[in-house]
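Okay, so here's the structure we're looking at.
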Amino acid sequence: MGSRSLLAVLNGERQSVPPVWFMRQAGRYLPEYRALRAEKGGFLELVYDNDAAAEITLQPIRRFGFDGAILFSDILIVPHAMGQALTFTPGEGPQLAPPLVEARLEDLHAAPQHLAAVYGTVRKVAALLPGETTFLGFAGAPWTVATYMVAGEGSRDQAAARLMAYREPAR
């Protein structure tokens, strides 16, 4: 594959071989990920450890030679940085506390220092990534993140967030 073939395709340039990357390409199915997770403990310990998060980001690149490396992180790191407690409970998924249905939005605050580990991971991966590999970040859509923040957990119907949006549109 040529230099940065994924970016070339995104710029509308045809490639003889389509570039490859997979959503959630790092993670549970890789034995090297499972070993690192067993060593470090929980998911958040991995995200907030620059070396571990960079290693996890790079594992599928080394193993499979994908054209895109996806930053190892989570969309709920931002509400965590704003002051909501974040836990990942096996079998239940992520939980934020207190949910905004119980807390005041004004009690949350921007705390960019809580994102320092993520920025460190970005710098580390950028320095170690092969030149032909595109580095991909991601962000949760505002509504998706808001539904977690309001309910404190994932929800298929997003009832708590929808109710808050209708009852308190200024909030």
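The opening position of the sequence shown corresponds to residue 0 in numbering that gives the first Met the number 0, with each subsequent residue numbered one higher. We put the CB at the ideal spot given by N, CA and C, even for glycine. These numbers come from a predicted model, not from an experiment.
Short Cβ contact (9 Å threshold) for residue i with residue j
i	j	result
TYR32	GLY26	yes
VAL117	SER72	yes
ILE74	TYR147	yes
GLY136	ILE60	no
LEU9	TRP20	no
ALA80	ALA109	yes
LEU85	GLN94	yes
LEU35	LEU45	yes
GLY119	ASN49	yes
LEU128	VAL77	no
GLY67	PRO17	no
MET163	ARG170	yes
Near the ligand ATP: residue i beta-carbon under 8 Å from a heavy atom
i	result
ARG23	The ligand content of the structure shown is nil, which means the ligand ATP is not present either.
The beta strand (DSSP E) enclosing residue i, as first and last residue numbers
i	result
GLY92	92–96
Bridge partner(s) assigned by DSSP for residue i
i	result
GLU105	Answer is none; GLU105 lacks a bridge partner.
PHE87	PRO93
THR133	GLY67
GLU38	DSSP, once it has assigned bridges, lists no residue as partnering GLU38.
GLU152	GLN94
Outcome for residue i when other beta-carbon atoms lying within 10 angstroms are tallied against a minimum of 16
i	result
GLY1	Reliability of the predicted coordinates at GLY1 is poor, the pLDDT of 46 falling under 50, and no value is obtained from them.
LEU57	buried
SER47	Per the sequence shown, residue 47 should be read as Tyr rather than Ser. Burial call: buried.
GLY151	buried
THR133	buried
PHE65	buried
VAL121	buried
LEU99	buried
GLN24	buried
GLU54	buried
ALA158	exposed
GLN83	buried
MET22	exposed
First and last residue of the uninterrupted alpha helix (DSSP H) at residue i
i	result
LEU127	115–127
ARG161	158–166
VAL8	4–9
ALA171	Residue numbering for the chain in the displayed model covers 0 to 170; residue 171 lies beyond these limits and cannot be assessed.
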